[in-house]
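Asker: Quick mapping for you: the protein sequence lines, in order, are chains A and B. Using the UniProt record's numbering, the first residue of the first sequence is number 1, and each one after it goes up by one. Using the UniProt record's numbering, the first residue of the second sequence is number 1, and each one after it goes up by one.
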Amino acid sequence: MNDTLRLIYNGRAIACADIPCCDQDRFLQTILAMTGRGWRVSSYCGFPAGETTTLYCLLASPADGVLGIMQTVCSGTEFPSLAVQCPQLQLFEREIAEQCGIRFIGHPWFKPVRFVRSAVGRQDAWGRPDDQPIQVGVMDYYRVEGEEIHEVAVGPVHAGVIEPGHFRFQCHGEQVFHLEISLGYQHRGIEQLLMGGPHPQTLRQMEAIAGDTSIGHGQAYCMVVESLSKTRPPAAAEALRGVALELERLANHTGDLGAIAGDVGYLPTASFCGRIRGDFLNMSAFICGSRFGRGLLKPGGTVFGLDQAQREELQNRLATGRAELTSAIELLWNTPSVMSRLEGTGAVSAESALEMGLVGPAARACSLKRDVRSDYPFGIYRMAQVPIATAHHGDVCSRSMVRWEECQKSLDFCVEQLRQLPSGSHAVEPKPLLGDHLTVALTEGWRGEICHLAITGPDGRFKQYKICDPSFHNWQGLAMALRNEQISDFPLCNKSFNLSYCGFDL
Amino acid sequence: MLRALKERLSIQGYRTMAYPDGPVTLPERFRGYPTLQKDLLCHLDGADCAAACPFGALGCSETGLTLDMAKCLFCADCPASSCVGFSNDHRLAVSRREDLLLQSNTEHKLAQPLAPDLRKLFGRSLKFREVSAGGCNACEADSNVLTTIGWDLGRFGIQFVASPRHADGIWVTGPVSENMREALLKTWEAIPAPKIVVACGACAISGGPFSGSPQISLSLDTLLPVDLYIPGCPPHPATILDGLLRLQGRLA
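#1: Considering only residues of the segment 27-91 of chain A, which uninterrupted beta strand (DSSP E) runs meet the minimum length of 3 residues and lie entirely inside it, listed in chain order?
#2: Counting contacts by CB-CB distance shorter than 8 Å, is residue 134(B) in contact with chain A?
#3: Would a check of beta-carbon distances place residue 35(B) closer than 8 Å to chain A?
#4: Across the segment 233-247 of chain A and the segment 206-221 of chain A, are there enough close Cβ pairs to call them in contact, namely three or more that are closer than 8 Å?
#5: Once the 5 residues before and after residue 153(B) are set aside, which same chain residues still bring their CB inside 6 Å of it?
#6: Can you find a C-beta in chain A that's less than 8 Å from the C-beta of residue 150(B)?
#7: According to a CB-to-CB cut-off of less than 8 Å, which residues of the segment 204-228 of chain A neighbour chain B?
#8: If you measure between the beta carbons of residue 202(B) and residue 232(B), is that distance less than 8 Å?
#9: Is it right to say residue 37(A) is buried, meaning 16 or more other beta carbons lie within 10 angstroms of its own, or is it exposed?
#10: Between residue 158(B) and residue 126(B), which are expected to be in contact by the criterion C-beta below 8 Å, what is the C-beta distance as a whole number of angstroms?
#11: Mark residue 480(A) as exposed unless 16 or more other C-beta atoms lie within 10 angstroms of its C-beta, in which case mark it buried.
#12: Give me the Cα-Cα distance between residue 57(A) and residue 45(A), rounded to the nearest whole angstrom.
#13: So residue 182(A) is in the beta strand (DSSP E); what residue range does that whole segment cover?
#14: Are there 16 or more other CB atoms within 10 angstroms of the CB of residue 145(A), so buried, or fewer, so exposed?
#15: Could you tell me the boundaries of the beta strand (DSSP E) in which residue 171(A) lies?
#16: With a Cβ-Cβ cutoff of 8 Å, do residue 399(A) and residue 471(A) count as a contact?
#17: What does residue 68(B) pair with, by DSSP beta-bridge criteria?
#18: I want to see whether chain B comes within less than 8 Å of residue 185(A), judged by CB atoms only; does it?
#19: Helix, strand or coil for residue 247(B)? Go by DSSP, reduced to three states.
#20: Which residues does DSSP list as the beta-bridge partners of residue 452(A)?
#21: What would DSSP say about residue 132(B), mapped onto helix, strand or coil?
#22: Among 375(A), 210(A), 79(A), 255(A), which has the Cα closest to the Cα of residue 64(A)?
#23: In this structure, how does DSSP classify residue 151(A) when only helix, strand and coil are distinguished?
#24: Could you tell me whether the Cβ of residue 170(B) comes closer than 8 Å to any Cβ of chain A?
#25: Helix, strand or coil for residue 208(A) per DSSP?
#26: Between 450(A), 445(A), 437(A), 157(A), which lies nearest to residue 459(A) when the distance is taken from Cα to Cα?
#27: For the segment 335-345 of chain A against the segment 278-295 of chain A, do three or more pairs of beta-carbon atoms, one drawn from each stretch, fall closer than 8 Å, so that the two count as touching?
#28: Along the chain, where does the beta strand (DSSP E) containing residue 171(B) start, and where does it finish?
#29: Between residue 100(B) and residue 70(B), how many whole angstroms is the CB-CB distance? I'm expecting something under 8 Å.
#30: Listing by chain order, which chain B residues have their CB less than 9 Å from the CB of residue 199(A)?
#31: Can you tell me which of 240(B), 191(B), 155(B), 54(B) puts its alpha carbon nearest to the alpha carbon of residue 162(B)?
#32: List the residues of chain A that residue 89(B) touches, going by C-beta distances under 9 Å, in chain order.
#33: Around the Cβ of residue 21(A), are there at least 16 other Cβ atoms within 10 angstroms (buried) or fewer (exposed)?
#34: Could you name the residues of the segment 212-234 of chain B whose beta carbon sits closer than 9 Å to any beta carbon of chain A, in the order they occur along the chain?
#35: Which residues, taken in chain order from the segment 120-139 of chain A, show a beta carbon closer than 8 Å to some beta carbon of chain B?
In structure tokens form, the structure reads like this:
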């Protein structure tokens, strides 16, 4: 294995020369062997270089906190697909196909991902002509045939104030046989903008990969720069970053629990949580002026610090937030009409979750113990543990329970960190980036694992940068959750995942 | 049922804020209306000014430094470099694109009420169809938050509606990605006239952090006639509400 897979740690850079380049067969066999042993695919990406494409696969060990990276070279325009044997690869392969113009032979679901032209002037993987624009959402959708079957198409513009995406349901009466989700509408070309970076604009773009996860993605980016420049942020910065990340989790979980209550028609919790979510956002604004944590982070530390009085104020607000949130959420578990709507709805089995490679609360609700904070600890989580919350039914109720438990753990964590926030400086100046290095930064955003993989050229500028939002792993989970459910339960199931469109579309 | 009532009466309480009748509470570190200090900036020549902001929000004129709120992300970098200060004033929305361009001697411009005929129609009932076109979900979230009990947008007769057919205007967030352009324009066409356009956030106004990307549009007002510009990345809910209330003529 050692001559194929190079072991690395979260947030540590290695020289590109230290990554063995193996042949295709070995590369593919290793993916199958490792995923067979319970490793997970964190990232699988391709970077075109001239006539060839270098493929990297980042695998994550389930137990001992290590990651493994390997590479191979694809010299033609075709590559074998492993999606049938290893379903968690299916979307990664389609993404590589779209970005690098490689056709994956044997892929059972070979469709575009974001409906953009490949970065290389190579032939399109789907043979679409060069001289015509690529039309978003135009592809072969899975269809169920039969006299009583009907198809429901929703989006890209939805009824609520949410992002765009296209959903197609194959229905038999109310019952959904299959849901297919087609995205790409939000594509802003972030990865292309990163080429040759870091640029002065880069940090602001990272904060807006998914605007509700500014800290999650922002921190991953900071870790990329810090690991490539051998910079260690001060302890005070690490602690404050942790507080900000947990506040982000609190705000989003609170908002979603309220929205779940709203979707089952239980308005007290919906109303209370809508407001309490704002209180958590305002705590982020208290720290850095922005409700979404914009402007708090920078490579090397944080822009702001907290003095004694500010820490106490924040602790008081957290105590109030805890009391009010508990009051709002306990109502859900004590209302039988709410529980009967949550229980058994939108269930995903643990086996499916494992096969699809789900991450975050969606995976933990299926009893998979996956959490970057404890599996591949980074920043403050190397010192302070956050217990993993899991549930076992994989349904809307489990996802709601997990989110509520995580809220409580995040509150504990924030209070603890604020009580003992290290004194001293909260930022250091990062050094120049090392040339010809590769680094991987994983963080646990509120939706799950965020993965940034960066490679620098000899000049210490980004030659390649691959972003993987947790939504990339989890959209397929939502599609599976809808199987055999009533179509009227779609909003409820959707809210329990609440995945990012722009984080997926990049 | 009784328990829900008990929680409402004991812990949760009545929470709709006093604003606009009372003051709005903003965090101390909130970055609102920019303040340009002439003396501080004179040591920069034109090229330095422009280079000081990677998004092109800063520039130079004969009267000194200029700041284009269309491009400004109200990020924390400016105060750090002591180029520009940010006050705690949340009132940023304006009716005309040129009002977003600040100079050290310009007066603080605010959004103007709609024309009398439109105000008669929309002054007490204004429904929007929101379209996120490449938005990162921050502008969307802080638009949506206005519908929660704290802000209670409904008390002003303003509402986000599900169908463009029911709408009086379009509410756009995001830099209008290429892949959303057609859906945005179709939604606009589906709204019956007379109708208005709100550009919410730096992305919709100028591309925001993504300006320069080949995958987005130049700005919303190259596609649609914008009636209200709400700057910020994302704008604070108080900034958004201020713009709306002024548009309706409720704030003078």
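By construction, the Cβ of each residue, glycine as well, lies at the ideal position given by its N, Cα and C atoms. Quick caveat, the model's predicted, so the values are computed rather than measured.
Answerer: The relevant details are as follows:
#1: 40-49, 52-60, 67-74, 78-80
#2: yes
#3: no
#4: yes
#5: 146, 147
#6: yes
#7: 204, 205, 207, 208, 209, 210, 211, 212, 214
#8: yes
#9: exposed
#10: 5 Å
#11: buried
#12: 7 Å
#13: 175-182
#14: exposed
#15: 166-172
#16: no
#17: 101(B)
#18: yes
#19: helix
#20: 441(A), 467(A)
#21: strand
#22: 375(A)
#23: strand
#24: no
#25: coil
#26: 437(A)
#27: no
#28: 169-173
#29: 4 Å
#30: 54
#31: 191(B)
#32: The contacting residues do not exist; residue 89(B) stays about 13 Å from chain A at best.
#33: exposed
#34: 212, 213, 214, 215, 216, 233, 234
#35: 136
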